[in-house]
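**Student:** In the working numbering, the protein residues as written are 175 to 529. Quick reminder that beta carbons are idealized off the backbone N, C-alpha and C, glycines included. All values derive from a computational prediction rather than experimental measurement.
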């Protein structure tokens, strides 16, 4: 008979008896065993499902400690200590089931065209038809060449960069198959947006349900990640919604402030989510190229969707004075060709590193 990992056994017993009050250190010790490959797939699966069913994964303190642990296993970015660039990020948890166009990736490119240094950290699609990595690879970006060793060298040629998460977090290999087998979101889906190994001075994080807004805001507060915005569309969209109401939790100067956002506040019309639906990676790449080459008509739903989210990032980072101004800055990034220039530079530079 096989012996159950003692830390997993201890955690499971504690969850069973203490529920939401389970000591955080007990959970951290169990996760450490998972990340070091010291558990069976059955043990890892049981632990991850228990975290979800008990709602322990929704505790800010648990999320914060888990993030610190996972990042401690991440590969360091070579040369980052000497880098003079300050980065921003915009990312969603995914799992919202809405399957919309890759707005955070496109908004990041537009923000780079407006002068911000953006380093996105993401993956391929899990629940949608086109993830951020899928889109960029369809556009010709050689993401396999963008690694912790090459990132800072690539950053000298472009303000937009994308790090493929599996290249930064080798410990994730121990849970990759388990997550596929479980088939439902786990705490790793929640941690994903906060695992960027590149330090950022401003970030927007989209969550798929409003109840997670304060959870993430408090976790960011505990992590000392000031100048953050957590957003959720009222329909459960992990972006600022073009269809109407969105909720926002802003962490600034150590204080959390809640806001309600609508497209009208940005000077933009409302569009139903059906008008910004995602296609295949190749279809989305074609649409991205149309957008960046000024081929989409003004008030096109996807264009407005991108302007909406890019404006929020530009405003949060201090490039724009308010959301309306942010839309103007984002439009100019596209019209001037600077957004396309940054994406093209990233694609071409990433290809060179494979030669």
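#1: With distances taken from CA atoms, which of 288, 443, 395, 322 is nearest residue 472?
#2: Check the DSSP bridge columns for residue 326 and list the partner residues they point to.
#3: Whose C-alpha, out of 425, 408, 459, is nearest the C-alpha of residue 437?
#4: So, residue 264 versus residue 424, is the Cβ gap smaller than 9 Å?
#5: Could you check how far apart the C-beta atoms of residue 262 and residue 292 are, in whole angstroms? I think they sit under 8 Å.
#6: If you run the structure through DSSP and keep just helix, strand and coil, what is residue 233?
#7: Enumerate in chain order the residues of its own chain whose CB-to-CB distance from residue 174 is below 7 Å, with the five nearest sequence positions on each side excluded.
#8: Spell out the partners DSSP gives residue 431 in its beta bridges.
#9: Just grab the DSSP bridge partners of residue 263 for me.
#10: Between residue 175 and the rest of its own chain, which residues show a CB-CB distance below 8 Å, the 5 nearest in sequence each way excluded?
#11: Roughly how far, in whole angstroms, is the beta-carbon of residue 221 from the beta-carbon of residue 204, given that I think they are within contact range, below 8 Å?
#12: Using the Cβ count rule (16 or more neighbours within 10 Å means buried), how would you classify residue 495?
#13: Just the Cα atoms here: how many angstroms apart are residue 487 and residue 413?
#14: Smallest Cα separation from residue 381: which of 517, 351, 422?
#15: Can you give me the C-alpha to C-alpha distance between residue 309 and residue 451, rounded to a whole angstrom?
#16: What are the residues that DSSP puts in a beta bridge with residue 451?
#17: Identify, in the order they occur along the chain, each residue of the same chain with its Cβ nearer than 7 Å to the Cβ of residue 449, setting aside the five sequence neighbours on each side.
#18: How should residue 377 be labelled, buried or exposed, when 16 other C-beta atoms within 10 angstroms of its C-beta is the threshold for buried?
#19: Could you spell out where the beta strand (DSSP E) holding residue 337 opens and where it closes?
#20: Have a look at 198, 210, 490, 252 and flag the residue whose alpha-carbon is nearest the alpha-carbon of residue 240.
#21: Compare the beta carbon distance of residue 426 and residue 456 with 9 Å and say whether it is the shorter of the two.
#22: For residue 404, name the three-state secondary structure that DSSP assigns.
#23: What residue ranges within the stretch 193-233 form continuous alpha helix (DSSP H) runs of no fewer than 4 residues, ordered along the chain?
#24: Using alpha carbons as the reference points, say which of 215, 182, 461, 196 lies closest to residue 355.
#25: Nearest to residue 339 by CA position, among 306, 330, 415, is which residue?
#26: Taking its Cβ as the centre, do 16 or more other Cβ atoms sit within 10 Å of residue 395, making it buried, or is it exposed?
#27: Given a cut-off of 9 Å on the beta-carbon distance, is the pair residue 470 and residue 505 in contact?
#28: Determine which residues share a DSSP beta bridge with residue 294 and list them.
#29: Please return the same chain residues whose Cβ sits closer than 7 Å to the Cβ of residue 180, not counting the five positions on each side in sequence.
#30: DSSP on residue 515, reduced to helix/strand/coil?
#31: Residue 231 and residue 345 - do their beta-carbons sit closer together than 9 Å?
**Tutor:** Based on what the coordinates show:
#1: Counting from one through the chain shown, the residue named residue 472 turns up at place 298. Cα-wise, what sits closest to residue 472 is 443.
#2: The count along the chain shown starts at 1 and reaches residue 326 at position 152. Note: residue 326 sits in no beta bridge, so no partner.
#3: Position 263 of the chain shown, counted from the start, is the residue given in the question as residue 437. Measuring from the Cα of residue 437, the nearest candidate turns out to be 408.
#4: Residue numbering aside, residue 264 sits at position 90 when the chain shown is read from its first letter. Residue numbering aside, residue 424 sits at position 250 when the chain shown is read from its first letter. Contact: no.
#5: Position 88 of the chain shown, counting from 1, holds the residue named residue 262. Position 118 of the chain shown, counting from 1, holds the residue named residue 292. Right, their Cβ atoms sit about 6 Å apart.
#6: For the purposes of this step, residue 233 is identified with residue 59 of the chain shown, where counting begins at 1. Residue state, collapsed to three classes: coil.
#7: Absent from the model: residue 174. The displayed extent of the chain is 175 to 529, so no value can be given.
#8: Walking along the chain shown from the start, residue 431 turns up at place 257. Its beta-bridge partners are 424.
#9: For this step, residue 263 is matched to residue 89 along the chain shown. Beta-bridge pairing links residue 263 to 377.
#10: Residue 175 sits at position 1 when you count from the first residue of the chain shown. Bear in mind that a pLDDT of 43 at residue 175, under 50, signals an unreliable position, so the model cannot answer this.
#11: In the chain shown, counting from the first residue as 1, residue 221 sits at position 47. In the chain shown, counting from the first residue as 1, residue 204 sits at position 30. Confirmed, about 6 Å.
#12: As a first step, residue 495 must be located in the chain shown, where it is residue number 321. So residue 495 ends up on the exposed side.
#13: Here residue 487 corresponds to residue number 313 of the chain shown, with the count starting at 1. Here residue 413 corresponds to residue number 239 of the chain shown, with the count starting at 1. The alpha-carbon atoms of residue 487 and residue 413 are separated by roughly 12 Å.
#14: Here residue 381 is taken as the residue at index 207 of the chain shown, counted from 1. For residue 381, the nearest C-alpha among the options comes from 422.
#15: For this step, residue 309 is matched to residue 135 along the chain shown. For this step, residue 451 is matched to residue 277 along the chain shown. Using only the alpha carbons, I get a separation of about 14 Å.
#16: Translated into the one-based positions of the chain shown, residue 451 becomes position 277. According to DSSP, residue 451 bridges with 274.
#17: The count along the chain shown starts at 1 and reaches residue 449 at position 275. 475, listed in sequence order.
#18: Stepping through the chain shown from its first residue, residue 377 is reached at position 203. Burial call: buried.
#19: Along the chain shown, read from residue 1 onward, the residue named residue 337 stands at position 163. 334-338 is the span of the beta strand (DSSP E), which, as asked, contains residue 337.
#20: Position 66 of the chain shown, counted from the first residue, corresponds to residue 240. Checking every option, the nearest Cα to that of residue 240 belongs to 198.
#21: Position 252 of the chain shown, counted from the first residue, corresponds to residue 426. Position 282 of the chain shown, counted from the first residue, corresponds to residue 456. No, they are not a contact pair.
#22: As a first step, residue 404 is located in the chain shown; it is residue number 230 there, counting from the start. Note: residue 404 maps to strand in three-state DSSP.
#23: 198-209, 215-227
#24: Looking up residue 355 in the chain shown gives position 181. Measuring from the Cα of residue 355, the nearest candidate turns out to be 215.
#25: Translated into the one-based positions of the chain shown, residue 339 becomes position 165. Closest by alpha carbon: 306.
#26: In the chain shown, counting from the first residue as 1, residue 395 sits at position 221. Residue 395 comes out buried.
#27: Stepping through the chain shown from its first residue, residue 470 is reached at position 296. Stepping through the chain shown from its first residue, residue 505 is reached at position 331. Cβ atoms of residue 470 and residue 505: not closer than 9 Å.
#28: For this step, residue 294 is matched to residue 120 along the chain shown. According to DSSP, residue 294 bridges with 336.
#29: Translated into positions along the chain shown, residue 180 becomes position 6. Here the set comprises nothing.
#30: On the chain shown, position 341 is the one that residue 515 refers to. DSSP places residue 515 in helix when its eight states are reduced to three.
#31: By 1-based counting over the chain shown, the position of residue 345 is 171. By 1-based counting over the chain shown, the position of residue 231 is 57. No, these two residues do not count as a Cβ contact at 9 Å.
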